[in-house]
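Let me begin by presenting the structure, written as structure tokens, before commenting on it.
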Amino acid sequence: MHRLLAVLAKEFIQMRRDRLTFAMMVGIPIMQLLLFGFAINTDPKHLPTAVVSAESSEFSRRLISAMSNSDYFDLQPAPPTIDAARQMLERGDVLFLLRIPAQFSRDLVRGQRPQLLIEIDATDPVASGNAMAALSALVDQAIATELKGPLSGLAARAGPIELRVQRRYNPEGITQFNIVPGLMGVILTMTLIMQTGLAIARERERGTMENLLAMPARPLEIMIGKLVPYILVAYIQVTVILSAAHFVFGVPILGSIPLLLLCVLAFVIANLSVGLLFSTLAKNQMQAMQMTFFFFLPSILLSGFMFPFRGMPGWAQNIGEVLPLTHFLRIVRGILLKVNGPADVWPNLWPLLVFTLVVVALGAKRFRKTLD
Amino acid sequence: MTDYVIDVRGLTKSFGDKLVVDGLDLRVERGAIYGFLGPNGSGKTTSIRMLCGLLTPDAGSGTCLGLDVLRDSATIKQQVGYMTQKFSWWEDLTIEENLRFAARMHQLREPRKVVGETLERLGLTSRRRQLAGSLSGGWKQRLALAACLLHQPRLLLLDEPTAGVDPKARRDFWAEIHALARNGLTVLVSTHYMDEAERCHRLAYIAYGKLLAEGTPEDILAQVGLRTFSLTGAPPDAVGELGRLAGVEQVVPFGLRLHVSGSKADLLEASLRAYAATHRISFESVESSLEDAFIALMRGGESL
Ligand SMILES: Nc1ncnc2c1ncn2[C@@H]1O[C@H](COP(=O)(O)OP(=O)(O)OP(=O)(O)O)[C@@H](O)[C@H]1O
Ligand SMILES: [Mg+2]
């Protein structure tokens, strides 16, 4: 016990003295939060749009006013000619160009399926995806209002634009509510595995490991003494992320915070055990770093953080089910957004515990071996 | 019965398929300063690590401080002070924090007091808040020695403790080692310095993992049985020519002189006499140095 405390004290002093690393451990979550929360927006709104209307009808007026009421479009002053409008699109002043041809309303009423032209700056397909879906919905609405009464028979026919709102098939549609809690798991995974891996590899690289092992301490005392400080770091990160998520991004915290913090502990220990296992395999800090990324990439790609989990092929889902991050994401989203209780969380908590048990067993076995 | 602090037989260790220590037998008496010599990569560090339980031998058995080297490594660690070849204290901790950490790891009763006394004795009290990494080589070595003496070990294992340390600091270091040994501490020290080897009570010389010679410095000289002649008047470029003479095994320049040695004394002397007849040189018999003896041993080891 005495020796465990001695190792703990040493680790805390070293951590405090390595200011840059400590700053990174608190700074990385803040930076990532801001990036993912503000900058990387996969559902961009207020896209600059121009409308060139060759007729001034009830329909065109209705469509334009519907578009300016929508969050997605930022209507620019109507360009005088079609050439001027094209130039705006070319220069990137607008992302959308909607053209309503002459006699559109007349042809529509006659059932001649007139064309409504939409030109999109598709250099970033992601940026325009949702706006496109929104636009076709607006058009359909405007058409439906136009074709009332005796003309409703026409409305039943296929409209000029296919109505497809992709969002409906993407229930885990990526929004900040979804990303920010997920980011907590991603950040914990990265910093914990990397820092513990580095901390032990550093001792080996600098030759201080030999000294540590030559002292009369049990491997368990050294291991626990080295890992516990990172639990504290993890809780600092969780506090930062949760506060920012709630107060900056307005992510609701609907479930129980103590339950969440308890699940965080299970997840943190799972990651620390991975870091420990890696550090027993790595000969130096560089290798520890590489192994971290080896584990980190599948974690963000296959856990449901990047892509909707159910949308992945079966083999990818199988890999995902093994990863701690997958389960932690479900737990966090469940608790924060769906008010999950202990019973709801359990199906994702036990895989974390099993994972930890297996990895700790492997790590402890290797750790004893590294005396050689 | 003699009291052996280290008494091991047949210690063997390989890394992969590379045999690094090959059947090492070692006996060190209580209170002895035992020198451990051998060329780079001969397995000195590996042997020392096996003695203090950092490495598990592949084969062999024996005791260290009366404890079984294979089974009792945990207890051995409590009673051994091991100074590693490379400075292995934490450079991002201060001098005081390093000492305190060592004191707490060894579960000393009054870590604060022991650390304070040690700092005082080292003359580092005023610099105790300095990071260990900012110390010069000589001070690092003093700190490392002090730190592994904190828990009053009964056996000190020093792995090249004076590499890169100035002559004055080395002399002080050895004075302290001798003082400790007089108080009954046993010291096993590896070194590449011949003057240090001469200060040891006994020596072991290993090469390629094998023990080639063991005994007092005089014993070793006698075992190797080398004859050495000092030549005067030979031009410096005669080294190659002399080296090809029958019976000559080593030619080493010593200032303006050349030391020529070989184990077959008669053959060597005859060759030199013939060479002196045709060249303007004179030669006289001198005592072989330990260095000559070790180089001869190493050559012999190569052909094993
Ligand atoms: N952990 C290890 N893994 C693989 N090979 C090793 C290991 N430790 C030592 N060796 C090899 O064993 C041989 C002996 O090394 P050792 O450090 O014992 O030599 P040494 O006598 O202390 O040398 P030096 O005088 O240079 O310190 C070397 O060839 C070294 O490369
Ligand atoms: Mg060595």
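Those protein sequence lines, which keep their order, are chains Z and R.
Going by the working numbering, the first residue of the first sequence is number 1, and it counts up by one from there.
Going by the working numbering, the first residue of the second sequence is number 1001, and it counts up by one from there.
Even glycine gets a Cβ: it sits at the ideal position worked out from N, Cα and C.
Distance cut 7 Å, beta-carbon to ligand 2 heavy atom: residue list by chain order | 1044(R), 1045(R), 1085(R), 1159(R), 1160(R), 1190(R)
Considering only residues of the same chain and omitting the five flanking positions on each side of residue 1210(R), which have a CB-CB separation below 6 Å?
-> Residue mapping note: residue 1210(R) aligns to position 210 of the second sequence, counting from 1. Excluding residues within five positions, the ones whose Cβ falls inside 6 Å are 1022.
Just checking, does the region 1275-1287 of chain R make contact with the region 1214-1233 of chain R on the three C-beta pairs under 8 Å criterion?
-> yes
Measure the CB-CB distance between residue 213(Z) and residue 364(Z) and report whether it falls below 9 Å.
-> Position 213 of the first sequence, counting from 1, holds the residue named residue 213(Z). Position 364 of the first sequence, counting from 1, holds the residue named residue 364(Z). No; because the gap between Cβ atoms is not below 9 Å, this pair is not in contact.
Can you give the Cα-Cα distance for residue 1091(R) and residue 333(Z), rounded to whole angstroms?
-> By one-based count along the second sequence, residue 1091(R) stands at place 91. By one-based count along the first sequence, residue 333(Z) stands at place 333. Approximately 43 Å between the Cα atoms of the pair.
Sequence-distant residues of the same chain with beta carbon closer than 7 Å to residue 199(Z), five excluded per side = Here the question's residue 199(Z) lines up with position 199 in the first sequence. Contacts found: 226.
Kindly list, in the order they appear in chain R, the residues whose Cβ is closer than 9 Å to that of residue 2(Z).
-> The sequence position of residue 2(Z) within the first sequence is 2, counting from 1. Near residue 2(Z) (Cβ distances below 9 Å), the residues of chain R are 1104, 1105, 1107.
Hey, quick one: how far does the alpha helix (DSSP H) through residue 1106(R) stretch, first residue to last?
-> On the second sequence, residue 1106(R) is found 106 positions in, with the first residue counted as 1. Residue 1106(R) -> no alpha helix (DSSP H), and no H or E assigned at all.
Return no unless some Cβ of chain R is closer than 9 Å to the Cβ of residue 13(Z).
-> As a working note, residue 13(Z) is residue 13 in the first sequence. Yes, residue 13(Z) counts as interfacial toward chain R.
How is residue 1167(R) classed by DSSP in three states: helix, strand or coil?
-> Translated into the one-based positions of the second sequence, residue 1167(R) becomes position 167. Residue 1167(R): helix per DSSP, three-state reduction.
Residues of its chain near residue 1304(R), where Cβ-Cβ distance is below 8 Å and the 5 sequence neighbours each way are ignored = If you number the second sequence from 1, residue 1304(R) lands on position 304. For residue 1304(R), the predicted structure reports a pLDDT of 45, less than 50, and the residue's modelled location is therefore unreliable. The matter cannot be settled from this model.
Quick one: which chain Z residues come within Cβ less than 9 Å of residue 1036(R)?
-> Counting from one through the second sequence, the residue named residue 1036(R) turns up at place 36. Correct list: empty, because the minimum Cβ distance to chain Z is about 17 Å.
Please name the residue, chosen from 325(Z), 295(Z), 277(Z), that lies closest to residue 430(Z) on a Cα-to-Cα basis.
-> This structure cannot speak to residue 430(Z), because chain Z is shown only from 1 to 372.
Exposure of residue 1206(R), with buried meaning 16 or more beta-carbon neighbours within 10 Å | Counting from one through the second sequence, the residue named residue 1206(R) turns up at place 206. By the neighbour-count rule (16 or more Cβ atoms within 10 Å), residue 1206(R) is buried.
Does the region 289-300 of chain Z come close enough to the region 233-247 of chain Z that 3 or more CB-CB pairs lie under 8 Å?
-> no
Throw me the rounded Cβ distance for the residue 275(Z) and residue 193(Z) pair, which I believe falls under 8 Å.
-> To locate residue 275(Z), count along the first sequence from 1; it is residue 275. To locate residue 193(Z), count along the first sequence from 1; it is residue 193. Yes, residue 275(Z) and residue 193(Z) are in contact; Cβ-Cβ is about 4 Å, under 8 Å.
Could you tell me which of 1185(R), 1174(R), 1137(R) sits nearest to residue 1154(R), measuring between CA atoms?
-> If you number the second sequence from 1, residue 1154(R) lands on position 154. That would be 1185(R), whose Cα lies nearest to the Cα of residue 1154(R).
Could you please tell me which residues of the region 1078-1089 of chain R, in chain order, have their CB closer than 7 Å to any CB of chain Z?
-> 1078, 1082, 1084, 1086, 1088, 1089
Pair within 9 Å by beta-carbon distance, residue 197(Z) and residue 303(Z) | Within the first sequence, residue 197(Z) is the residue found at index 197, counting from 1. Within the first sequence, residue 303(Z) is the residue found at index 303, counting from 1. It is not a contact, given that the beta carbons lie outside the stated cut-off.
For the 8 Å Cβ check, are there 3 or more pairs between the region 1003-1021 of chain R and the region 1163-1181 of chain R?
-> no
Nearest candidate by alpha-carbon position, reference residue 132(Z), set 28(Z), 5(Z), 70(Z), 35(Z) = Position 132 of the first sequence, counted from the first residue, corresponds to residue 132(Z). Of the candidates 28(Z), 5(Z), 70(Z), 35(Z), the one whose C-alpha sits nearest the C-alpha of residue 132(Z) is 70(Z).
Between the C-alpha atoms of residue 329(Z) and residue 46(Z), what's the straight-line distance to the nearest angstrom?
-> In the first sequence, residue 329(Z) corresponds to position 329, counting from 1. In the first sequence, residue 46(Z) corresponds to position 46, counting from 1. Cα to Cα, the separation comes out at about 30 Å.
Roughly how many whole angstroms lie between the Cα atoms of residue 59(Z) and residue 296(Z)?
-> Taking the first residue of the first sequence as position 1, residue 59(Z) is located at position 59. Taking the first residue of the first sequence as position 1, residue 296(Z) is located at position 296. One C-alpha to the other measures close to 52 Å.
Entirely enclosed beta strand (DSSP E) segments - the region 1139-1190 of chain R, minimum 3 residues = 1155-1159, 1186-1190
Proximal chain Z residues relative to residue 1310(R), where beta-carbon distance stays under 8 Å | In the structure as shown, chain R starts at 1001 and stops at 1304, and residue 1310(R) therefore has no counterpart that could be examined.
Enclosing beta strand (DSSP E) for residue 1083(R) [first to last residue] = Counting from one through the second sequence, the residue named residue 1083(R) turns up at place 83. Unbroken beta strand (DSSP E) run through residue 1083(R): 1080-1083.
Would you list the one or two residues that DSSP bridges to residue 1215(R)?
-> For the purposes of this step, residue 1215(R) is taken as residue 215 along the second sequence, with counting starting at 1. According to DSSP, residue 1215(R) bridges with 1203(R).
Alpha-carbon to alpha-carbon, residue 244(Z) and residue 172(Z) | For the purposes of this step, residue 172(Z) is taken as the residue at position 172 of the first sequence. For the purposes of this step, residue 244(Z) is taken as the residue at position 244 of the first sequence. Here residue 172(Z) scores only 38 on pLDDT, less than 50, and its place in the model should not be relied on; the value that follows carries that caveat. Cα-Cα distance, rounded: 21 Å.
When 210(Z), 81(Z), 285(Z), 79(Z) are compared against residue 202(Z), the one with the closest alpha-carbon | Sequence index remark: in the first sequence, residue 202(Z) carries index 202 (1-based). Answer by Cα proximity: 285(Z).
Just the chain R side, please: which residues come within less than 7 Å of residue 211(Z) by C-beta, in chain order?
-> The residue given as residue 211(Z) occupies position 211 in the first sequence. By Cβ distance, chain R contributes 1084, 1088, 1089.
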